[in-house]
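*Asks:* If you're matching positions, the sequence shown starts at 1 in this note's numbering and goes up one per residue.
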Amino acid sequence: MLPGIWRYLAGTVLVEVTGPQPERFVNLAVDAGIDLWDVHRRPDRLRARMLAPDFLCVRPVARRARCRVRIRSRSGLPFAWRRLRRRRGLLAGAALSALVLLWAVGHVWAVEVEGTRLLDPRAVRAALARLGLHPGVWRVSVRPEAVERELPRLVPEVGWVSVRLDGTRAIVQVVERTTVRPPAPRGQVDIVARKPCIVDSVVVFRGRRRVQEGEVVTPGQVLIEGYLYHFSAPPQRPLFGGAPWPPVPDRPVGPIQADGQVFGRCFYEEYVEVPLYEEREEATGRRQGRVVLRLGRREILLKGSPAPPFARYRLQRRSVGLPGWRNWRPPVELTTEIYEETRLMRVPRSPEAAREEAIRSLEERVRWQLQPGTDRVVRREIQEKVRTPDYLGLRVLIETREEIGRPAPAPQAGPAQPGPGLRGEQARRG
Numbered sequence: 001m002l003p004g005i006w007r008y009l010a011g012t013v014l015v016e017v018t019g020p021q022p023e024r025f026v027n028l029a030v031d032a033g034i035d036l037w038d039v040h041r042r043p044d045r046l047r048a049r050m051l052a053p054d055f056l057c058v059r060p061v062a063r064r065a066r067c068r069v070r071i072r073s074r075s076g077l078p079f080a081w082r083r084l085r086r087r088r089g090l091l092a093g094a095a096l097s098a099l100v101l102l103w104a105v106g107h108v109w110a111v112e113v114e115g116t117r118l119l120d121p122r123a124v125r126a127a128l129a130r131l132g133l134h135p136g137v138w139r140v141s142v143r144p145e146a147v148e149r150e151l152p153r154l155v156p157e158v159g160w161v162s163v164r165l166d167g168t169r170a171i172v173q174v175v176e177r178t179t180v181r182p183p184a185p186r187g188q189v190d191i192v193a194r195k196p197c198i199v200d201s202v203v204v205f206r207g208r209r210r211v212q213e214g215e216v217v218t219p220g221q222v223l224i225e226g227y228l229y230h231f232s233a234p235p236q237r238p239l240f241g242g243a244p245w246p247p248v249p250d251r252p253v254g255p256i257q258a259d260g261q262v263f264g265r266c267f268y269e270e271y272v273e274v275p276l277y278e279e280r281e282e283a284t285g286r287r288q289g290r291v292v293l294r295l296g297r298r299e300i301l302l303k304g305s306p307a308p309p310f311a312r313y314r315l316q317r318r319s320v321g322l323p324g325w326r327n328w329r330p331p332v333e334l335t336t337e338i339y340e341e342t343r344l345m346r347v348p349r350s351p352e353a354a355r356e357e358a359i360r361s362l363e364e365r366v367r368w369q370l371q372p373g374t375d376r377v378v379r380r381e382i383q384e385k386v387r388t389p390d391y392l393g394l395r396v397l398i399e400t401r402e403e404i405g406r407p408a409p410a411p412q413a414g415p416a417q418p419g420p421g422l423r424g425e426q427a428r429r430g
């Protein structure tokens, strides 16, 4: 491939050699350092190709061989350039066309918006124009990362966006933000517990309270009942003073959708084994590099060893490629790789640091289970169960305060049986 390119750049000529001994001309030319190829022997002549600069050295060789050399054809860049110089109008038109083409492909002429369903694409295009992405803009001035970051801020209905430049087109793929709204339930809706915990506080907005502070609840247990009761008797005061007793409902009215907030104290317990040492990789100071030339899928090692020189190492890679045109990049890349030798070190860790690591790891696993409005962790408790030279066995307990209620349709519309608190109140009055 490279010899062919060099011959085109230097220019080649097809010569015809006539005389009594054309073979003597070939031998003398090779001795003089003149390269000949495509040599064809005919009964009365010989044809061969050579570089145009070498033709200037042919006369002494032809005189010694008593042959006559004539040029039959010329090819290559120097002769093509000589012909173009005579046609200046064509050369100027080609140069102008190339400049116009380069100017045209350096712009974005179409902005396509894909993925919209309920959102008007014109609103997305208007927001893109505000961010600098519109027909006629220079490709180099478009920053897809900035557009992807700022477009959801200008158009709240857009949840995700991808900007891709394809030639003179900008393809914007959007995903609309969907707000999942469950259908409004009909009939009785209770507030039930989503996880086991101890009730800390109950605030009822609508419905009837079914649990008390300090009560242990299980998942699915009714916290606030979605049923309306009629209270006919006014609150009664105890005989020996104090706060009045709450009124006792005498008849149910109908189902409603309960509403309120129930906070509880939840506990997360786990047994973990934390090592008493920490493994780290430290550099030894030894470094070795190599240079690789990549031609498509083929790799040519220019410097260094083909295999990694160290058993444990850190690799730093830096690649340099040829400039591309539009979306095409030449498959040629020069990569420099630096191998830095490392060794594994075991650093001792104190028991206090091991306990902190155990608490931190459990908090990370618990955090995704917490509900919005959670007061996070309110108490931490850790107990040492096992101690060995290599690790600590710890029991970790984390207490959180979080909202535990969730709405759930009642399995059967109708008033529920009185809870423990209500039965005790009725028994005391009876």
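Note that the Cβ used here is the ideal one computed from N, Cα and C, for glycine as well.
At what residues does the beta strand (DSSP E) containing A213 begin and finish?
*Replies:* The sequence shown places Glu at residue 213, rather than the Ala named in the question. No beta strand (DSSP E) contains E213, which DSSP labels as neither H nor E.
*Asks:* Can you give me the C-alpha to C-alpha distance between R458 and G321, rounded to a whole angstrom?
*Replies:* There is simply no residue 458 to check, as the chain begins at 1 and stops at 430 in what is shown.
*Asks:* Is the segment 217-230 touching the segment 283-291 in the sense that three or more CB pairs, one from each, lie closer than 8 Å?
*Replies:* Judged by Cβ distances under 8 Å, the segment 283-291 makes no contact with the segment 217-230, as fewer than three pairs qualify.
*Asks:* Let's test the definition: count the other Cβ atoms within 10 Å of the Cβ of F205 and tell me whether it reaches 16, buried, or not, exposed.
*Replies:* Exposed, by the Cβ-count rule.
*Asks:* Leaving aside the five residues before and after A52 along the sequence, list all residues of the same chain whose C-beta is less than 7 Å from its C-beta, in chain order.
*Replies:* So the qualifying residues of the chain are A10, G11, T12, V13, G76, P78.
*Asks:* With which residues is I191 paired in a DSSP beta bridge?
*Replies:* I191 is bridged to I224, P407.
*Asks:* Do V192 and G214 have their C-beta atoms closer together than 7 Å?
*Replies:* In this structure, G214 does not lie closer than 7 Å to V192 by Cβ.
*Asks:* Quick one: using the 10 Å Cβ neighbour count with 16 as the cut-off for buried, is I398 buried or exposed?
*Replies:* I398 comes out buried.
*Asks:* In the DSSP output, which residue or residues are listed as bridge partners for W462?
*Replies:* Missing from the structure shown is residue 462; the chain here goes from 1 to 430 and no further.
*Asks:* Would you list the one or two residues that DSSP bridges to R122?
*Replies:* Its beta-bridge partners do not exist; DSSP assigns none.
*Asks:* For E176, I'd like the list of residues in its chain whose CB is within less than 8 Å of its CB, leaving aside the five on either flank, ordered along the chain.
*Replies:* If we look at E176 and ignore the five residues flanking it on each side, its Cβ neighbours are G115, T116, R117, L118, L119, E157, V158, G159.
*Asks:* How many Å lie between C431 and R42 at the Cα?
*Replies:* Lying outside 1 to 430, the shown extent of the chain, residue 431 is not represented and no answer is given.
*Asks:* Evaluate the contact criterion for the segment 84-94 versus the segment 145-152: three or more CB pairs, one atom per stretch, below 8 Å.
*Replies:* Too few Cβ pairs lie closer than 8 Å, so no.
*Asks:* In the segment 311-352, which residue ranges form an unbroken beta strand (DSSP E) of at least 3 residues, counting only runs that do not cross its ends?
*Replies:* You should have 313-321, 332-348.
*Asks:* With which residues is I382 paired in a DSSP beta bridge?
*Replies:* For I382, which the question treats as bridged, DSSP gives the partners V396.
*Asks:* Name, in chain order, the residues that DSSP records as bridge partners for H134.
*Replies:* Its beta-bridge partners do not exist; DSSP assigns none.
*Asks:* Is the separation between the beta-carbon of T168 and that of C266 shorter than 7 Å?
*Replies:* No, these two residues do not count as a Cβ contact at 7 Å.
*Asks:* For the segment 243-308, which segments carrying the beta strand (DSSP E) assignment without a break, of at least 3 residues, lie completely within its bounds, in sequence order?
*Replies:* Listed in chain order, the complete beta strand (DSSP E) runs (minimum 3 residues) inside the segment 243-308 are 251-255, 259-275, 277-295, 298-303.
*Asks:* Relative to the alpha-carbon of T336, which residue among A170, L276, V292, R209 has its alpha-carbon at the smallest distance?
*Replies:* When each option's Cα is compared against that of T336, the closest is V292.
*Asks:* Could you pull the start and end residues of the beta strand (DSSP E) that S201 belongs to?
*Replies:* Note, S201: beta strand (DSSP E), 197-206.
*Asks:* Could you check if V180 is buried or exposed, using at least 16 other CB atoms within 10 Å of its CB as the buried criterion?
*Replies:* Legend: pLDDT at V180 = 44, less than 50; position of this residue unreliable, no value from coordinates given.
*Asks:* In this structure, does DSSP put W37 in helix, strand or coil?
*Replies:* If DSSP states are grouped into helix, strand and coil, W37 belongs with the strands.
*Asks:* Extract the residue ranges of the alpha helix (DSSP H) inside the segment 18-82, only unbroken runs of 4 or more that lie entirely within it.
*Replies:* Complete alpha helix (DSSP H) runs here, min 4: 22-31, 58-65.
*Asks:* Quick check: the Cα distance between P409 and Q188, rounded to an integer number of angstroms?
*Replies:* About 6 Å.
*Asks:* Could you give the DSSP three-state label for R117: helix, strand or coil?
*Replies:* Three-state result, R117: coil.
*Asks:* Which of the three DSSP states, helix, strand or coil, is assigned to V377?
*Replies:* Of the three classes helix, strand and coil, the one that applies to V377 here is strand, per DSSP.
*Asks:* Which same chain residues, not among the five before or five after L362, have their C-beta less than 8 Å away from its C-beta?
*Replies:* If we look at L362 and ignore the five residues flanking it on each side, its Cβ neighbours are Y268, E270, V272, V396, I398.
*Asks:* Can you give me the start and stop residues for the alpha helix (DSSP H) that W103 sits inside?
*Replies:* That run of the alpha helix (DSSP H) goes 88-105.
*Asks:* Using the three-state DSSP reduction, which class does V142 fall into: helix, strand or coil?
*Replies:* If DSSP states are grouped into helix, strand and coil, V142 belongs with coil.
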